[in-house]
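What follows is a set of notes on a single structure, which appears directly below.
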Amino acid sequence: MFNEAKRLCFVLLSAFVSIIAVAQEMKVEGVLIDRDTKDGVYMATVQLLKQDSTFVKGSLTNENGSFTISVPSEGRYILKFSSVGYKNVTKNFVASAKAKDINLGNIVFGADAIMLKGATVLGQAAKVTLKEDTFVYNASAYRTPEGSVVEELVKKLPGAQVDDNGNITINGKEVKKILFDGKEFMTGDTKTAMKNIPTSIIEKVKAYEEKSDLAKITGIDDGEEETVLDFGIKKGMNKGLFSNVDLSAGNHSRYSEKVMGAGFYDKIRVMGFGNINNVNDMGFHGGGGRWGASLQGLNTKKMVGLNLNYDDKKKFKLDGSVRWNHSDGDMRTTQTTENFVNKSGAFSNSNNINFTRSNSYDARLKLEWKPDSMTDILFRPQFSYSTSDSQTNGYSATFGDNPYNYVSDPLDGSSISQLSELGLVVNNRSNRAVSYSENKSVGAKLQINRKLNNKGRNITLVGNMNYSDNSSNNLSLSNVHLYQVKDKFGNDSTYQTNRYNYTPAKNWKTDVQLTYSEPLWKSAFLQFSYKFTYNYKKSDRSTYDFSNLGENYFDGVLSGYRNWNSYIALLDNNLESYYDKSQSRYSEYKNYIHEMQLSLKVIKKKYNLNAGVMVQPQTSKFIQQYRGLNTDTVRNVVNVSPTFEFRYKFSKTSNLRINYRGTTSQPEMSDMLDITDDSDPLNVKKGNPGLKPSFTNNFRLFYNTYLASHQTAIMTYVNYKNVRNSVSNAVTYDEKTGGRTTRPENINGNWDTSMAFMLNTSIDSVGVWNVNTFTTFNYNNYVGYLNQGNVSQKNTTRTTTVGEKLSFGYRKDWLDVSLDGSLNYMRTRNLLQSNNNLDTWQFSYGGNLNVYLPWNMSITTDLHENSRRGYDGGANTNELIWNAQVSQSFLKGNALSVSLQFYDILQNMSNFSRTVNAMQRSDTYYNNINSYAMVHVIYRFNLFGGKDSFAKQHGDRQRPGFGGGRPDGPGGRPGFGGGFGGGRPPRF
247 MFNEAKRLCF VLLSAFVSII AVAQEMKVEG VLIDRDTKDG VYMATVQLLK QDSTFVKGSL
307 TNENGSFTIS VPSEGRYILK FSSVGYKNVT KNFVASAKAK DINLGNIVFG ADAIMLKGAT
367 VLGQAAKVTL KEDTFVYNAS AYRTPEGSVV EELVKKLPGA QVDDNGNITI NGKEVKKILF
427 DGKEFMTGDT KTAMKNIPTS IIEKVKAYEE KSDLAKITGI DDGEEETVLD FGIKKGMNKG
487 LFSNVDLSAG NHSRYSEKVM GAGFYDKIRV MGFGNINNVN DMGFHGGGGR WGASLQGLNT
547 KKMVGLNLNY DDKKKFKLDG SVRWNHSDGD MRTTQTTENF VNKSGAFSNS NNINFTRSNS
607 YDARLKLEWK PDSMTDILFR PQFSYSTSDS QTNGYSATFG DNPYNYVSDP LDGSSISQLS
667 ELGLVVNNRS NRAVSYSENK SVGAKLQINR KLNNKGRNIT LVGNMNYSDN SSNNLSLSNV
727 HLYQVKDKFG NDSTYQTNRY NYTPAKNWKT DVQLTYSEPL WKSAFLQFSY KFTYNYKKSD
787 RSTYDFSNLG ENYFDGVLSG YRNWNSYIAL LDNNLESYYD KSQSRYSEYK NYIHEMQLSL
847 KVIKKKYNLN AGVMVQPQTS KFIQQYRGLN TDTVRNVVNV SPTFEFRYKF SKTSNLRINY
907 RGTTSQPEMS DMLDITDDSD PLNVKKGNPG LKPSFTNNFR LFYNTYLASH QTAIMTYVNY
967 KNVRNSVSNA VTYDEKTGGR TTRPENINGN WDTSMAFMLN TSIDSVGVWN VNTFTTFNYN
1027 NYVGYLNQGN VSQKNTTRTT TVGEKLSFGY RKDWLDVSLD GSLNYMRTRN LLQSNNNLDT
1087 WQFSYGGNLN VYLPWNMSIT TDLHENSRRG YDGGANTNEL IWNAQVSQSF LKGNALSVSL
1147 QFYDILQNMS NFSRTVNAMQ RSDTYYNNIN SYAMVHVIYR FNLFGGKDSF AKQHGDRQRP
1207 GFGGGRPDGP GGRPGFGGGF GGGRPPRF
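For the sequence shown, the positions run 247 to 1234 when the numbering used here is used.
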């Protein structure tokens, strides 16, 4: 009896344990497949829901598109799949102990010829993912206002910065090239893409290091990689036609008009752009603390561009672009500067008006042909032509003490008189200038590679040719008043410098390189290359001097572009009679370079190693006729550059990279000539025959990883650079005239380091809540020269900069809210001028809001407080900046959108900029218009997919609602019912 009871307990216990085990082991799995590419969909969101749509748990697909989710108990469930650019898919299933493993097989994702008119994709995409050393940013996770271009998207990416000139830096490296779906786009120009491609067509942005043409073929890194941004188009838009027209007008005569059209087919892609605006190419920011507007004055810019990509998928590829750019500029600046040229400092103020206009034409091609599997031929021709005009009027003065200690406007006439009586005015200068330049260039690159076997042995021949023909005309008029120097009558000294220069110049560069790669053993390769380069530069400046004709001699001439003839017509004699041989300058430069490089590369599953050395003997010949001296000199030098790179792959999403490069650079030959150039008496330059070559050590450590469980991306880097025999200008300052004499000198002790840490993570499993932090640290040790008692002494300036950007966000289909703050602290310590030590703070905090309403309306607004501390002269400011946009969509598929944008509603944004370095501290005010309103009308026409596309693509755009309203099936229009959750999806 006891044994039977014991056996029964054992059976019941085993059954109970089995039930528990089955319950714990129940799971559902499958694979998400892209309908077009048949590849697995990476990083798609998978949500396990109960039948009432209550969330249970979530997961993400891996790089193969596979997913596995454990099921907590038996019952009926729903799986919801979402990813950027795809329609949501739901699958019903029943979990039971009898079938503990449920395999749903392949689940197809596809756009199915939808009308992608700025569609908002449902679901919370991971903001950033990593795959080896490539950062992948999901565009839908960074909400931008309606009608935005990709520049506004890039500004939101973790680790990315875009300056006022449109230069892009990401993860500490400048972006040199833009790609579009992996294909070259407007090569040589990053701004066209940034200013013209709408965010509504972008699915992902990739950031990575692209190898050079040579490294792509040989597989051996040559250190010439470029940081690129690769914009990926939304799924379903890779075949068909689409266009975007954006017309806008605002108060203060502001306007911005853009048009873009594209046709994508199996083998060919064509994209065209047109743009005209007078808002400095500035889009609606819609978020983040922003320090002033684009400080470029007032500009009108025009652009027309065409980009072409062709790929027959077999042997031939073509990438080409042609563009025209025009700009008209009106920049008016007021500047206050303290130059650290002596122990007490020299103070100067200036007012300048600068009008500019320019035209540029650029055409480039890339032709790649593979006649067979062992041969690759690459040809890159290019052509450019540009003209540039400018006219400048300025007035400046130099003081022996800070003039703001005595007057409020130092350049006012009465202030100059008052300061002069106090003996504080050193000089003042009024100047006018008119200039025009014309530049023509043509170039080509030919690369032929032949694989000698399939094990890595190959030979490559590369040839480059570039020729340019340039010319410039420049008329400059300058009146100088010296208050500390008296003439023979006891009056203040004055002089005028009036000159007209005409400078034609020609440049020619050609090189031929032969590279051979030899496999040594498995996964190891040796590469040897020899390169010969010939450089030729010729410049022949003719100078006509008609100085000291009197301060008011040319007062009656009105300013205008290229109007130097109006000035020349007032001269008593013809222009040739004023030719000044001593000021004219002829120079001819020839450079012969032999470059030999040997490198070893080891490629393993977990790591790559690349080490090499480059030896570069060169001969330079320099001829110059200037200042009555004829120079004919030859210089022979040898440069040596070691390189080392190591990459270790911990996993497919975790990567460590270490780089070292040493480079030798030679001083300019013109700096080594023992000549005194006093053509500008207030800026005298001397040469130094004893200059030595400098050697720079560059070290970089980069690490990134990605944790899929919480969509966590981590990046950090450390950069270090030091320069031996750096060239610095020793400055002798004349306190009586305010003039400076500079002479280049070698100096040691210059080094700097920079560090950064980036963390982007979701707090929950599906990415509704997320946090991003980006921390930077920079330290610069700059050694220069300081003039004390007409003796130059070494002076060290140490600058420490700490920056932090922190943001916290909440994202739902219809709502995006974020709070953010930024801090920048700079500490400067000057060894010989402790009174110039600085501790400055710039900090910003605020929030952004994006609301998508069910009647096709969206509201975007941001409010930020920007503050400065530690400055002087009234620069400690608080600026509360508020921007807002309201957008309404109309027509089928929301093809038409109307937006009302308000910039700087409270009119608090300043036009102020401050720069501080080892040589000076400068404050500049610009004539920007920051506060205005604009109305945008945007129309999109998109046609994608197969023969039934046109009929299907006139359905309404899928807009997010306020909850889980029931869809009407695949491709149907989402409803807005169901309140805040609880809508029932269809059964399958």
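Virtual Cβ for every residue (Gly too), placed ideally from N, Cα, C. Values in this document were obtained by computation on a predicted structure and should not be read as measured data.
In this chain, the beta strand (DSSP E) harbouring Val-672 covers 671 to 697. Residue environment: Met-1155 is assigned as buried (16 or more neighbouring CB atoms within 10 Å of its CB, all protein chains considered). Distance from Val-1181 to Leu-1137 at the Cβ level is roughly 18 Å; contact not present, criterion being Cβ atoms closer than 8 Å. Per the C-alpha coordinates, the member of Asn-712, Ser-763 and Tyr-1071 positioned closest to Ser-1090 is Tyr-1071.
Nearest to Ser-632 by C-alpha distance, out of Lys-333, Phe-771 and Arg-569, is Arg-569.
Following the DSSP letters along the chain, one finds Lys-346 in no beta strand (DSSP E), marked with neither H nor E.
Gly-796 and Ser-866 have their C-alpha atoms roughly 44 Å apart. For Gln-1088, the CB contacts under 6 Å within the same chain, skipping 5 residues up- and downstream, are Asn-1070 and Arg-1114 in chain order. The alpha-carbon separation between Glu-503 and Asn-524 amounts to approximately 9 Å. A contact is defined here as three or more CB-CB pairs under 8 Å, and the region 380 to 387 fails this definition with respect to the region 309 to 321. Put simply, the backbone Cα of Val-292 is about 19 Å away from that of Leu-376.
About 7 Å separates the Cβ atoms of Thr-307 and Gly-286, confirming a contact at the 8 Å cut-off. Residue range 659 to 667 is occupied by the alpha helix (DSSP H) that includes Gly-659. Under the three-state reduction of DSSP, Gly-1139 is assigned to helix.
By the C-beta criterion, the region 434 to 450 is judged to be in contact with the region 510 to 526, since at least 3 inter-stretch pairs fall below 8 Å. Excluding residues up to 5 positions away in sequence, Ser-632 and Asn-716 lie with their Cβ nearer than 6 Å to the Cβ of Asn-685 in the same chain. Of the other Cβ atoms in all chains shown, 16 or more fall within 10 Å of the Cβ of Val-726; this residue is therefore buried. Sorting Gly-507, Asn-905, Gly-276 and Asn-712 by C-alpha distance to the C-alpha of Asn-352 places Gly-276 at the top.
The region 644 to 652 and the region 686 to 699 do not touch, with fewer than three beta-carbon pairs separated by less than 8 Å.
Around the beta carbon of Pro-391, 16 or more other beta carbons lie within 10 angstroms, which makes this residue buried.
Residue pairing of Ile-960 in beta bridges, as defined by DSSP: Thr-951 and Leu-1005. By a beta-carbon distance limit of 8 Å, Tyr-682 contacts Ser-718. Their separation comes to about 7 Å.
With fewer than 16 other Cβ atoms from the protein chains shown falling within 10 Å of its own Cβ, Glu-667 counts as exposed.
As computed with DSSP, Gly-736 is found in no beta bridge at all.
In the same chain as Gly-509, and ignoring 5 residues on each side of it, the C-beta atoms closer than 6 Å to its own belong to Leu-487 and Val-516, in chain order. With respect to Val-395, Leu-425 sits apart: the two C-beta atoms are not nearer than 7 Å. If you ignore the 5 residues before and after Lys-932, its C-beta comes within less than 6 Å of the C-beta of Thr-922 and Arg-989, all in its own chain and listed in chain order. Between Gln-1131 and Thr-1106, the alpha-carbon positions lie close to 5 Å from each other. Rounded to the nearest whole angstrom, the CA to CA distance from Gly-566 to Arg-1160 is 41 Å. Secondary structure at Tyr-813: helix, using DSSP grouped into helix, strand and coil.
For the options Leu-1077, Ala-1179, Thr-1170 and Ile-1184, the alpha carbon positioned closest to that of Asn-595 is the one of Thr-1170. One Cα belongs to Phe-477, the other to Asp-427, and the distance between them is close to 6 Å.
Per the DSSP secondary-structure output, Gly-321 pairs in a beta bridge with Ala-341. Rounded to the nearest whole angstrom, the CA to CA distance from Thr-761 to Glu-584 is 52 Å.
Secondary structure of Pro-649 (DSSP, three-state): helix. Sequence-distant Cβ neighbours of Asn-490 in its own chain, meaning closer than 6 Å and more than five residues away, are Pro-444, Met-506 and Arg-1186.
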